[in-house]
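In what follows, a single structure is set out as structure tokens and then discussed.
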Amino acid sequence: MASKTYSIFGVGAAGLYTAWRLLDGKPAGEGGKSKQLAQGDTLELYDWGKYDFSGDFPGSRAPGARACTWHYKDDKNSSYLELGGMRYSDWTGDNDGKAGGHRVVTTVIDQLGLKQYSVPFNTSPNPLFYLRTKNMYLAGITSANPAPYHVDHYGADDSPDTGFTTVELLAGTAARLPQTRVAWCEFYQHGKIEVDVAQKGQLFKDIGYWNLMFDQLGSEGFGYVSDGNGYTSNVINWNSAVALQSNNEFTPGTEYKTLTTGYSSIFGALFEAIVKLAEAKGVSFEYHPDMRLHSILKIGDGIRYAIATRKNPNKKSATRTTNAAWLAMPRYAIDLVAQATRYEDHDGLDVLNHQKVQLYLESAIMQPCYKVGMFFDKEWSTDTSNSALQYPAPILAYEVTLQVADALASQGFPSGYITVMKKKSSGILETPFSSAADFIHAVERAVGERLTVQQEEQLLAAAKRNTIGPSVTDTPIRQVVYFGNNGHDHGQNVFGLLASYDDEMYTGFWQDLELGPDRERKIPISDDMQPLDGPREAPPIMVKMLRSQLAAVHFGPQSDYTAVPEPLETRYMDWSLPPFNAGYHAYAAHYDVCDVQQKIRKPSQLIDGLTPTSSSSARPIPTIKPGWRAPSARRSRC
Ligand SMILES: Cc1cc2nc3c(=O)[nH]c(=O)nc-3n(C[C@H](O)[C@H](O)[C@H](O)COP(=O)(O)OP(=O)(O)OC[C@H]3O[C@@H](n4cnc5c(N)ncnc54)[C@H](O)[C@@H]3O)c2cc1C
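In our numbering, the protein residues as written are 4 to 641.
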């Protein structure tokens with residue numbers, strides 16, 4: 004059999020995962036065997052950027068593309084912040100179709116041996132808000148102390164997330180929402196407004212979520228949800244059917260996990276596994292960083308593509324052929340390839356520019372976002388000895404994890420109590436409690452006995468685990484996330500704070516401060532590759548602006564920026580810049596979303612009269628093991 008070449012463009016999560024599966028997958032049937040990579044075949048990986056995978060494969064920034072761990076002073080032993088993707092929703096492994104969670108991420112972490120570093124990444128049950136210049140903790144929002152919004156039906160007496168539930172009830176009751184992936188697919192296409200409102204009978208998929216929320220909650224109600232939930236991306240005018248499912252994930256209560264080695268470590272480990280597997284299988288592995296796909300055409304049974312260097316990204320540097328190509332890159336990056344291909348003089352098939360392919364690509368709404376990280380030499384946001392700190396970060400929490408249970412067992416804590424606490428049904432395991440009294444009370448109820456003073460002390464000491472916040476504001480920093488002193492070098496006092504996590508609304512606000520005063524723009528924004536270069540140092544004007552907004556959140560509206568100490572280091576990631584031009588994406592209204600998900604993976608399917616052959620511009624990944632899924636276009640943002 005002739006040897007074959009497979010080409011993957013993009014070495015972010017999707018590209019690396021695809022390479023790994025192609026090398027390690029077990030085909031479901033005989034037909035799949037010949038498609039697998041075998042001895043003598045070639046696997047090539049291209050990326051516009053150059054990530055720091057290892058000593059043998061160094062780069063300008065941590066791996067992971069839209070995930071990017073940044074360590075203080077770039078020292079891997081020091082504290083770190085996540086300036087891109089940062090957490091996953093753990094999957095229990097139940098394969099009944101009903102279990103929630105990010106299956107692929109959970110499984111990859113497990114298979115790569117990284118589970119030992121996986122820890123809860125919980126949000127606070129009692130977050131701090133600073134909205135319309137009013138500071139409030141969630142538990143303090145009541146009818147006597149409402150949020151400063153004129154919401155109908157006393158909506159300001161409650162959490163801003165209540166607005167999500169109000170809209171969800173248009174589908175009937177929460178219990179009537181689908182429970183399985185298959186049922187959600189059905190709902191995306193056929194889910195209707197069930198209750199007696201003016202739009203009764205309309206399909207959710209054909210209504211923009213902003214339109215729907217505004218209609219149901221009114222201007223002030225919408226404003227409260229939009230400001231108070233922290234993510235503008237949740238409330239834009241995206242597909243309402245998908246929003247009903249996805250927004251469930253972002254309300255308080257969802258359990259997230261992360262890795263103590265930093266999120267980028269997943270991608271370093273994946274890359275290492277790929278190199279080893281290719282070597283073991285006799286597959287020639289060719290990695291081309293700083294090299295982008297320029298244009299691509301299907302010619303006969305093969306694919307012809309052109310590449311360009313990072314230095315000169317718009318000019319072809321070579322033309323090559325391959326048997327199959329995967330474009331593991333976001334919509335904007337694909338748009339650039341389509342634009343270059345459109346003007347090629349050719350007799351091949353331009354799959355990317357086919358009208359149906361363009362239509363489906365446009366179903367992804369681009370959502371720019373912005374993160375700024377700061378490191379401090381003290382944890383000023385929780386320092387209650389500072390009387391000026393009126394609103395400390397609400398991050399103190401107690402939680403029993405399996406590791407906590409083991410630690411308690413080794414300290415002689417009663418084994419019967421541990422057995423009860425480890426049961427999910429006890430409501431104790433992996434549930435964060437923000438008050439020590441509530442935590443002890445819940446444990447005592449679960450075990451059916453009073454704890455001794457010594458047991459209480461043991462339990463509180465072992466289960467103390469801070470949450471990440473966040474604090475939420477309507478000022479341009481939008482969300483503050485507390486990472487703390489999380490380096491391996493525990494002797495160091497370096498406290499990380501995501502000083503701003505803004506999506507959609509304020510990227511322009513921060514972008515202007517990137518240059519600062521008395522500086523003209525010299526590089527067009529369309530050529531600014533900051534996300535590929537790595538976290539960029541913030542100028543003093545941006546630092547001052549961040550400090551003043553952080554001060555308002557924690558010290559009140561009358562405070563001065565000097566209330567927040569001068570940080571040790573401040574860097575930003577501007578995810579509105581190329582080649583990403585979005586941190587994440589959402590599905591637009593008026594699409595059959597599951598059809599998009601299935602067909603855009605192999606876009607030649609969308610072209611009438613073109614029977615997919617052994618070669619196409621994008622191939623489906625061979626089915627591997629039950630419980631696994633190929634990377635889908637499902638929106639993932641947190
Ligand atoms: C701030 C932020 C927070 C997030 N939070 C979370 C979270 O907590 N949990 C979560 O699950 N998800 C989160 N996400 C989303 C998640 O990070 C992304 O969905 C995921 O990383 C996308 O992976 P990808 O491989 O599809 O694309 P990308 O990571 O975008 O990788 C694409 C790669 O293609 C390369 N490329 C582009 N053009 C070309 C070309 N022409 N030729 C060759 N290479 C090219 C790029 O350089 C890049 O390396 C977040 C994202 C951001 C930005």
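We put the CB at the ideal spot given by N, CA and C, even for glycine. Keep in mind that this is a model prediction, so the values were computed, not measured.
Hey, how far is the Cα of residue i from the Cα of residue j?
{"i": "G271", "j": "E447", "result": "43 Å"}
{"i": "F60", "j": "Y54", "result": "8 Å"}
{"i": "W23", "j": "V456", "result": "52 Å"}
{"i": "E382", "j": "Y504", "result": "19 Å"}
{"i": "T642", "j": "L117", "result": "Nothing about residue 642 can be read from this structure; the chain reaches only from 4 to 641."}
{"i": "W187", "j": "A246", "result": "11 Å"}
{"i": "H588", "j": "Y152", "result": "29 Å"}
{"i": "N496", "j": "V483", "result": "20 Å"}
{"i": "V354", "j": "L296", "result": "15 Å"}
{"i": "R345", "j": "C597", "result": "27 Å"}
{"i": "A17", "j": "M332", "result": "8 Å"}
{"i": "I431", "j": "N237", "result": "30 Å"}
{"i": "S1", "j": "Q393", "result": "Given a span of 4 to 641 for the chain in the structure shown, any question on residue 1 remains unanswerable."}
{"i": "L463", "j": "E365", "result": "51 Å"}
{"i": "K467", "j": "T385", "result": "15 Å"}
{"i": "D611", "j": "K359", "result": "10 Å"}
{"i": "A102", "j": "K314", "result": "46 Å"}
{"i": "A150", "j": "P606", "result": "48 Å"}
{"i": "T510", "j": "Y335", "result": "17 Å"}
{"i": "D350", "j": "D164", "result": "54 Å"}
{"i": "A367", "j": "S249", "result": "15 Å"}
{"i": "L40", "j": "L25", "result": "6 Å"}
{"i": "S6", "j": "G303", "result": "18 Å"}
{"i": "N317", "j": "L19", "result": "25 Å"}
{"i": "G586", "j": "L173", "result": "30 Å"}
{"i": "S287", "j": "E47", "result": "8 Å"}
{"i": "S438", "j": "P397", "result": "10 Å"}
So residue i is in the alpha helix (DSSP H); what residue range does that whole segment cover?
{"i": "H444", "result": "439-450"}
{"i": "D338", "result": "334-345"}
{"i": "K359", "result": "358-364"}
{"i": "D230", "result": "212-231"}
{"i": "C188", "result": "184-193"}
{"i": "G511", "result": "510-518"}
{"i": "R453", "result": "Element bounds for R453: n/a, residue is neither H nor E."}
{"i": "R550", "result": "543-558"}
Buried or exposed for residue i, please, with buried defined as at least 16 other CB atoms from any protein chain shown within 10 angstroms of its CB.
{"i": "H444", "result": "exposed"}
{"i": "Y575", "result": "buried"}
{"i": "H193", "result": "exposed"}
{"i": "H557", "result": "buried"}
{"i": "V198", "result": "exposed"}
{"i": "T478", "result": "buried"}
{"i": "L141", "result": "buried"}
{"i": "Y157", "result": "exposed"}
{"i": "D93", "result": "buried"}
{"i": "F567", "result": "Sequence inspection shows Val at residue 567; the Phe mentioned does not correspond to that position. With 16 or more other Cβ atoms within 10 Å, it is buried."}
{"i": "Q608", "result": "buried"}
{"i": "G147", "result": "It should be noted that the sequence gives Ala, not Gly, for residue 147. Per the 10 Å Cβ criterion, exposed."}
{"i": "E569", "result": "exposed"}
{"i": "V200", "result": "exposed"}
{"i": "R69", "result": "buried"}
{"i": "H74", "result": "buried"}
{"i": "Q561", "result": "exposed"}
{"i": "R64", "result": "buried"}
How would you write the range of the beta strand (DSSP E) that residue i sits in, first residue to last?
{"i": "I11", "result": "8-12"}
{"i": "F2", "result": "Because residue 2 is not part of the residues shown, which for the chain are 4 to 641, the question remains open."}
{"i": "L141", "result": "Note, L141: premise wrong, no beta strand (DSSP E); not H, not E."}
{"i": "L643", "result": "Lying outside 4 to 641, the shown extent of the chain, residue 643 is not represented and no answer is given."}
{"i": "M89", "result": "Here M89 belongs to no beta strand (DSSP E), and DSSP marks it neither H nor E."}
{"i": "Y575", "result": "572-577"}
Which whole-angstrom value is the C-beta distance of residue i and residue j, which I expect to be below 8 Å?
{"i": "D577", "j": "P534", "result": "7 Å"}
{"i": "S693", "j": "I310", "result": "What the structure shows of the chain is the stretch from 4 to 641, and residue 693 is not part of that stretch, so it cannot be assessed."}
{"i": "L549", "j": "I480", "result": "7 Å"}
{"i": "G490", "j": "Y120", "result": "No, G490 and Y120 are not in contact; Cβ-Cβ is about 14 Å, not under 8 Å."}
{"i": "F217", "j": "F225", "result": "5 Å"}
{"i": "F274", "j": "F56", "result": "4 Å"}
Return yes when at least one heavy atom of ligand 3 lies under 8 Å from the C-beta of residue i, else no.
{"i": "M424", "result": "Absence of ligand 3 from the depicted structure is noted, with ligand 1 being the only ligands included."}
Touching by the beta-carbon criterion (3+ pairs, under 8 Å), the segment 282-290 and the segment 326-340: no
The segment 517-537 in contact with the segment 93-112 per 3-pair CB rule at 8 Å: no
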